[in-house]
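Beneath this line is the structure, given in structure tokens, with notes to follow.
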Ligand code: DON
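Residue numbers (my numbering): 1170 to 1474.
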């Protein structure tokens, strides 16, 4: 495995030149577009890594999977999906268009920004800080990394510039998808997106999902098999946005990308894989990360389809 990862990483480095680092959140523009890293965490507790696997990056949209788990645990499946749909969009992750077209208004799924903000609004807590701390502790627990925290610069950068998310959130409150203080809800959302991770952290969250919501080392049950299955299914149908179909054909496993350059994947009952490469393709997915996963899937034949 180690030799294979080294080889794949070296073969994929060049493709990063074809991608672009996200700049719509200004702090993300500082990332090095040549960075590329991978970590595989398997059920035996072994970790295999290559390249820039220890480099920290912000989790961004990968966080949507974890928030969804906690929101379902807080409110139940029925409540969550009464407000948020289950269908892929074929639109960009930050598209607003369907919010007004679909009647009654309902974000199409919890992986696009609109749906994810609605999910975040459902996290229980007295105020936005308590909500975020519950969420952060949940991330720490399932990644096995007690030191996870936010990147303050990325958080402030998105909070200062996130007007597209702001406009969706105000629209959603107007049509009754949630109630409460929009800025407080967005504050929790911007913080969750700014949690700093590396490839090991997201590989371990992927492994937790692969292990049906139990901590692999201890067997501790954190969430039900059903909740973990719902999350993995959304990863397959919507996790790579309007490239989810292509990714399912090329790689064939549940995956969730973030504009920070990370991709978290989960191979049921086998492994979690975390990749990082901040140079993105035109759909907002890590270009080097997708290529590495495609090559690894071909070599290990791990497509679930
Ligand atoms: O809300 C946003 O736009 C970002 N915080 C997250 C978007 C994202 O990661 C999309 N992923 N590919």
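The beta-carbon is built from N, C-alpha and C at its ideal position, and this holds for glycine as well.
Can you check DSSP and say which residues form a bridge with residue i?
i	result
residue 1383	1390
residue 1440	1211, 1436
residue 1397	None; residue 1397 has no bridge partner.
residue 1120	Past the boundaries of the shown model lies residue 1120; the chain is included only from 1170 to 1474, so the question cannot be answered.
residue 1189	1449
residue 1420	In DSSP, residue 1420 forms no bridge with anything.
residue 1426	1432
residue 1455	1449
residue 1366	1226
Considering only the beta carbon of each residue, do residue i and residue j sit closer than 8 Å?
i	j	result
residue 1289	residue 1366	no
residue 1238	residue 1400	yes
residue 1228	residue 1286	no
residue 1212	residue 1385	yes
residue 1446	residue 1436	no
residue 1363	residue 1319	yes
residue 1443	residue 1370	yes
residue 1178	residue 1207	yes
residue 1346	residue 1274	yes
residue 1471	residue 1417	no
residue 1427	residue 1230	yes
residue 1391	residue 1310	yes
residue 1434	residue 1424	yes
residue 1440	residue 1235	no
residue 1200	residue 1430	yes
residue 1368	residue 1466	no
Quick check on the burial criterion: 16 or more other C-beta atoms within 10 angstroms. Buried or exposed for residue i?
i	result
residue 1432	buried
residue 1220	buried
residue 1304	buried
residue 1334	buried
residue 1233	buried
residue 1460	buried
residue 1204	buried
residue 1272	exposed
Original post:
Can at least three beta-carbon pairs, one atom from the segment 1402-1415 and one from the segment 1274-1281, be found at a separation below 8 Å?
Top reply: yes
Original post:
What are the uninterrupted segments assigned as alpha helix (DSSP H) that are 4 or more residues long and contained completely in the segment 1284-1364, given in chain order?
Top reply: 1297-1312, 1321-1330, 1332-1343, 1351-1362
**OP:** Note down, one range per segment and in chain order, each beta strand (DSSP E) of at least 3 residues found wholly within the segment 1205-1292.
**Re:** 1206-1211, 1216-1220
Subject >> At least three beta-carbon pairs within less than 8 Å, the segment 1243-1259 to the segment 1369-1382 >> reply: no
Original post:
Hey, is the segment 1180-1197 in contact with the segment 1336-1345, meaning 3+ C-beta pairs nearer than 8 Å?
Top reply: no
Original post:
Would you call the segment 1325-1333 and the segment 1193-1203 in contact, with 3 or more CB pairs under 8 Å?
Top reply: yes
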